[in-house]
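Start counting the sequence shown at 11; every next residue gets the next number (our numbering).
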Amino acid sequence: MRPRLTLPRSIALPHRRGFLTAAAGLLGVSALGGCDRFAASATGQRALKTGEDANLFVQRLLLTPASLAKEFPDSEISPWFKPNGTIDPPDRAYKTLAAKSFEGFKLRVDGLVERPQELSLAELRALPARTQTTRHDCVEGWSAIGKWTGVPLAEVLQRAGLKPNARYVVFHCADTMEYTASEETEEAEEKTANPGMEQRPEGAENQASDSKAAGNEAPADEGEAAQGTPVRYYESIDLTDAYHPQTILAYDLNGKALPVANGAPLRLRVERQLGYKQAKYIMRIELTEGLTGIGDGNGGYWEDRGYEWYAGI
Ligand SMILES: Nc1nc2c(c(=O)[nH]1)N[C@H]1C(S)=C(S)[C@@H](COP(=O)(O)O)O[C@H]1N2
Ligand SMILES: [Mo]
11 MRPRLTLPRS IALPHRRGFL TAAAGLLGVS ALGGCDRFAA SATGQRALKT
61 GEDANLFVQR LLLTPASLAK EFPDSEISPW FKPNGTIDPP DRAYKTLAAK
111 SFEGFKLRVD GLVERPQELS LAELRALPAR TQTTRHDCVE GWSAIGKWTG
161 VPLAEVLQRA GLKPNARYVV FHCADTMEYT ASEETEEAEE KTANPGMEQR
211 PEGAENQASD SKAAGNEAPA DEGEAAQGTP VRYYESIDLT DAYHPQTILA
261 YDLNGKALPV ANGAPLRLRV ERQLGYKQAK YIMRIELTEG LTGIGDGNGG
311 YWEDRGYEWY AGI
């Protein structure tokens, strides 16, 4: 069966202006801007009606079922879903949660939201769920088909309520990928490497998101302080992908609780993009206006290392 598109009105509305602009662009008309006088005239009334139809047309065009990722029958599910990247986060906080089957887990939803959330797994499981059998494609050249069950990200965002300037959804993960030298060490190194270099601009540190408050810079394990600051996996998507019906926070794989190797307790499925966008071990979801100040500012751990931010398949 074809999955149905259900974008609640409250969700579709904030994008209306954007779609109007897109529609206007396609039709070669300049909508928006000095509209009031125009709208009052009879011609204006007709044009606006046409504009509305065009707007609907563009919406349908952009949000047609064809833009859904292919879904597969259960018979095509891979016998083994190859785990990749981090398969067992070394972080102490994560290990503590995992030891108790994630009983104490709370997904934080904050940033540019009206009502910050802290959702337990039980609460997430009580929300409307979606199941989809899709193919995961990793840039390393392998694919696997899995059946994912989870809560549509749209449901969670609706609960939190987006502030008008929210543009991106950032996923902060539990797993430390590497360590950067501590700031003092870094500065000392910079000075040695390039003695004439300018000082960092005043307030540069303040551009960072409040990841410190989120405990994102808490040491991964004992003796880590000596290793420097942990760099954890993160990812981001825009609101178009966030509200896509196949974008879910998955807690089950093939009808069973998500294994640790595949991202327990919660991982993203954003089905029209490549493997590295599918953030595992999600601890916190942050709504932001931009991507600067998070990690190295490119929207994801791998993006900071040269990968594309939009990894369309
Ligand atoms: N937190 C986190 N998410 C991650 C990764 C990772 O290392 N850490 N690796 C990514 C990559 S490259 C791939 S291909 C998929 C692998 O998901 P899987 O382990 O379920 O196969 O997770 C992605 N999400
Ligand atoms: Mo990957």
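Using N, Cα and C, we set each Cβ at its ideal position, and we do this for glycine too.
Contact test: residue i Cβ vs ligand 1 heavy atom, cutoff 8 angstroms
i             : result
histidine 254 : no
glycine 285   : yes
glycine 368   : With the chain covering only 11 through 323, there is no way to say anything about residue 368.
threonine 96  : yes
glutamine 288 : yes
tyrosine 189  : no
alanine 271   : yes
Residue i - containing alpha helix (DSSP H), residue span
i             : result
aspartate 251 : 249 to 252
tyrosine 104  : 102 to 109
arginine 169  : 163 to 170
alanine 271   : Neither: alanine 271 is in no alpha helix (DSSP H) and is coded neither H nor E.
alanine 321   : Here alanine 321 belongs to no alpha helix (DSSP H), and DSSP marks it neither H nor E.
Rounded C-alpha distance that separates residue i from residue j
i                 : j              : result
alanine 321       : serine 88      : 23 angstroms
proline 99        : tyrosine 253   : 29 angstroms
glutamine 168     : glutamine 142  : 21 angstroms
aspartate 101     : leucine 276    : 16 angstroms
valine 340        : leucine 134    : This structure cannot settle anything about residue 340, because the visible part of the chain is limited to 11 through 323.
phenylalanine 105 : leucine 259    : Per the sequence shown, the amino acid found at residue 105 is lysine instead of phenylalanine. Computed Cα separation, rounded: 21 angstroms.
alanine 224       : leucine 301    : Any reading at alanine 224 must be qualified, since the residue scores a pLDDT of 41, below 50, and its modelled position is unreliable; no value is offered.
serine 153        : asparagine 94  : 11 angstroms
alanine 76        : tyrosine 189   : Caution is warranted here: a pLDDT of 49 is assigned to alanine 76, below 50, making its placement in the model unreliable, and the coordinate value is therefore given only provisionally. Taking the straight line joining both Cα atoms gives about 42 angstroms.
aspartate 262     : leucine 268    : 5 angstroms
lysine 116        : alanine 176    : 22 angstroms
cysteine 148      : threonine 250  : 22 angstroms
glutamate 86      : threonine 298  : 38 angstroms
arginine 279      : threonine 257  : 6 angstroms
glutamate 318     : alanine 109    : 35 angstroms
glutamate 150     : glycine 285    : 9 angstroms
asparagine 272    : lysine 173     : 32 angstroms
threonine 239     : threonine 96   : 18 angstroms
histidine 146     : alanine 164    : 21 angstroms
glutamate 124     : isoleucine 292 : 21 angstroms
valine 241        : threonine 144  : 30 angstroms
glycine 303       : aspartate 314  : 12 angstroms
arginine 12       : glycine 156    : Residue placement at arginine 12 cannot be trusted, given a pLDDT of 42 that sits under 50; what the coordinates show is reported in the next sentence. Approximately 18 angstroms between the Cα atoms of the pair.
N-terminal and C-terminal residue of the beta strand (DSSP E) that residue i is part of
i             : result
arginine 294  : 292 to 298
arginine 277  : 277 to 279
alanine 139   : That residue, alanine 139, is in no beta strand (DSSP E); it is neither H nor E in DSSP.
leucine 122   : Counting along the chain, leucine 122 falls outside any beta strand (DSSP E), and DSSP gives it neither H nor E.
aspartate 262 : 258 to 263
glutamate 128 : 127 to 129
Paired residues, beta bridge with residue i - DSSP
i                 : result
proline 99        : According to DSSP, which records beta bridges pairwise, proline 99 is partnered with nothing at all.
isoleucine 155    : Arg145
tyrosine 243      : Per DSSP, none; premise fails for tyrosine 243.
phenylalanine 181 : Glu245 and Ile295
Residue i CB to nearest heavy atom of ligand 2 below 8 angstroms
i             : result
cysteine 183  : no
glutamate 313 : no
valine 149    : yes
- request: Evaluate contact between the stretch 169 to 181 and the stretch 300 to 310, counting only Cβ atoms and requiring at least three cross-stretch pairs below 8 angstroms.
  value: yes
query: With contact counted as at least three CB pairs below 8 angstroms, one residue from each stretch, are the stretch 235 to 249 and the stretch 129 to 144 in contact?
result: no
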